[in-house]
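Worksheet: one structure, shown below.
Residue numbers (the numbering used here): -10 to 742.
Written as structure tokens, this is what we have:
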């Protein structure tokens, strides 16, 4: 026997043991990938029925455009190239069918309503230029169109009310650069170092002071990242009311606190040394202080959410199913995210929940700032819905949905990942109790909710729109505001209108108001509005009559009319106000859904203002009216450019009609006052800038429906709470020890800009 053989065998055995040990360690050190489990959802109706609310497809939009081009008998110019004197298609969107037709289809044996589109056209090349709205159908093969303008608005819509197209903004930019600025070359070169690339413009609205005006202040900023907080002190008022671009003219000029007749007078005053010049330090292209580039290096990764056993919701076409919830969703080009046919446990609780308007009213001692009242619906909350960044705008593993819109163009535009849906663990209990009296136990339920979200970037502001569905039957509508503050050039008494944010930057005070339409159908279409609150009453203690007790008692009132149901913005409103059904729960109470508003609104513009009626919805924190097809919205895209003769005045909706046992709509306004401060640089955070409302079951069920959730946890002191069959949390090392499958990061937000 070779004396070396035992050593060779021992060495070989050691190598094998080492290799096996490495393999075992490697396998134990890396968790398996999370398996995708079938979606666990309750089936609550036909998926195909939700398509009655589905947004138009890109092909349907194109079909509508082709039909209009061939059947109106007038040439239609591509909107992106249209002059004010041309005819063009401004937008194409879904024409939502009448509610009665839809309910017959959803709930009975009614036929599916015809699928139709609503097209908004500008007719500038006519003896009497006007805006016309057509309903076009049936889709996908249009065969008819009908003019619904007079039916909707009581008359033709004057042409001056049209929202500005991108082409008009471009034509105004060219006018400023080639004509207006040509009159002040010395001032622009020496004061602004103007080279036709280093200046950005921001237009203000409304355009003037009376119906028919189309006169706009253009505020100039340094053309850098975050230009909104880089004002240079120059503002130019342009009269572009003529449909002939050659007739446009400068009406007034403002620089560093002084007004001038036009650019010629500004140039003359500068050359003669009669201007107080305030030179602004030239900012680098990244904006310097306004840059959103992180100032710190990367460190440990922030926490991420994942679904170890797969998604517990499903998204098919435009319908979402989540536990006991189901709803259809859509994206309006003007109002953005909207929901229809919202059901819990198979029963409809709301027919429609939709955003109506986002309003900002600014103050300043500069003309552009002091005259600004943004009504963002006119720009398009859906049109400016932006692609979402996975991991920041929404959880990385959310479901992302593409949307299409057609505005300012003859071709539909696709916005990838512009809507997201995800289940969100809020990191807190929905309900819980730890019992250490009498019996010893713990019972709780994780607060996991479904969120559907879109984010609209309208100019300087970004609005994060959420609708949230909780396991107890509650729905939350929430908006968070972020983006850049709007600013003015700091001069004179500017600090009366805001805070100084940088050397020449005044962050201007402004209000933010958001209006929602909530068409609740609680236990059926017919509801009444009931208010519950409290009052203290004095009583003698029955067991000790010489003693007095102050005790709270319940107050009840049925609000019979629209006037009683219109609650002014800063007025006291009943703490419990709810839509009551014509049915009762097990305990004899009317089944209801309560409206609870979260708002920190500033003051509404005085009603004596000539433009107040255009935004009269903002008078009210809550107004409940009869639902009418002829009152589909609280405002109009045409109110922005003619608020002095509003196309839709919400105040007219409230005319003291009875609202007992009727189909009702709640119009909810939430808002906040924003006084920009130094922490709004580089831009505004969402923390503290979140408002909205809750819709909560109020005696709607016999008990909290979340008790039937699969996520509940309960164990007693006598049970083995480390056993999986007793406590599902004990199984997490086994059921949740997996690696989520993160797809590669993609983003399409910079394509086709």
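Yeah, the Cβ is synthetic: ideal placement off N, Cα and C, and Gly gets one too.
Counting the other Cβ atoms within 10 Å of the Cβ of residue 501 gives 16 or more, which makes it buried. Under the three-state reduction of DSSP output, residue 720 falls in the helix class. In chain order, 218, 474, 476, 496, 665, 666, 667, 669, 670 place their CB closer than 8 Å to the CB of residue 490, counting only its own chain and leaving out the 5 sequence neighbours on each side. Annotation for residue 710: 704, 716, 719 place their beta carbon closer than 7 Å to its own, counting only its chain and skipping 5 residues before and after. Taking the Cβ atoms as the reference, residue 681 lies roughly 6 Å from residue 465, within the contact range of under 8 Å. Residue 469 and residue 117 have their alpha carbons spaced roughly 42 Å apart. In terms of Cα proximity to residue 368, the closest of 347, 534, 360, 414 is 347. About 16 Å separates the Cβ atoms of residue 211 and residue 225, ruling out a contact at the 8 Å cut-off. Between residue 428 and residue 707, the alpha-carbon positions lie close to 10 Å from each other.
Per DSSP, reduced to three states, the secondary structure at residue 347 is strand.
The stretch 322 to 336 and the stretch 272 to 290 do not touch, with fewer than 3 CB-CB distances between them shorter than 8 Å. Under the 10 Å beta carbon count, residue 578 is surrounded by fewer than 16 other beta carbons and is classified as exposed. Look at residue 168 here: in three-state DSSP terms it is helix. Nearest to residue 151 by alpha-carbon distance, out of 99, 294, 366, 408, is 366. Under the criterion of beta carbons closer than 8 Å, residue 480 and residue 245 qualify as touching, at roughly 6 Å. Within the stretch 210 to 252, the complete beta strand (DSSP E) runs of at least 3 residues fall at 220 to 228, 238 to 244, 247 to 249. Of the candidates 408, 100, 593, 408 places its Cα closest to the Cα of residue 445. Counting only runs of 3 or more residues that sit fully inside the stretch 581 to 636, the beta strand (DSSP E) segments are 609 to 615, in chain order. In the three-state DSSP reduction, residue 359 falls in the helix class (H, G or I). When C-alpha distances from residue 640 are compared across 614, 605, 663, the shortest belongs to 605. Following the DSSP letters along the chain, one finds residue 89 inside the alpha helix (DSSP H) bounded by residues 88 to 96. When secondary structure is reduced to three states using DSSP, residue 528 falls in the strand class. Between residue 607 and residue 653, the beta carbon gap of about 20 Å keeps them out of contact (Cβ cut-off 8 Å). Ranking 380, 228, 561 by CA distance to the CA of residue 291 puts 380 first.
Taken atom to atom, the span from the alpha-carbon of residue 622 to that of residue 506 is near 8 Å. Under DSSP, residue 426 forms no beta bridge with any residue.
Sequence-distant partners of residue 390 (beyond 5 residues in either direction) whose C-beta falls short of 6 Å from its own C-beta, in its chain, are 408. In the three-state scheme derived from DSSP, where H, G and I count as helix and E and B as strand, residue 124 is classed as strand. The beta carbons of residue 630 and residue 109 sit about 14 Å from each other, so the pair does not count as a contact at 8 Å. Within the DSSP bridge table, the entry for residue 383 names 379 as partners. If you check the CB distance, residue 208 and residue 196 do not come in under 8 Å. In the DSSP secondary-structure assignment, residue 533 is bridged to 530. Here the alpha carbon of residue 265 sits roughly 10 Å from the alpha carbon of residue 258. Distance from the CA of residue 387 to the CA of residue 303, rounded to the nearest whole angstrom, comes to 11 Å. Of the candidates 594, 172, 114, 373, 114 places its Cα closest to the Cα of residue 78.
Burial is judged here by how many other beta carbons sit within 10 angstroms of a residue's own beta carbon; residue 64 has fewer than 16 and is exposed.
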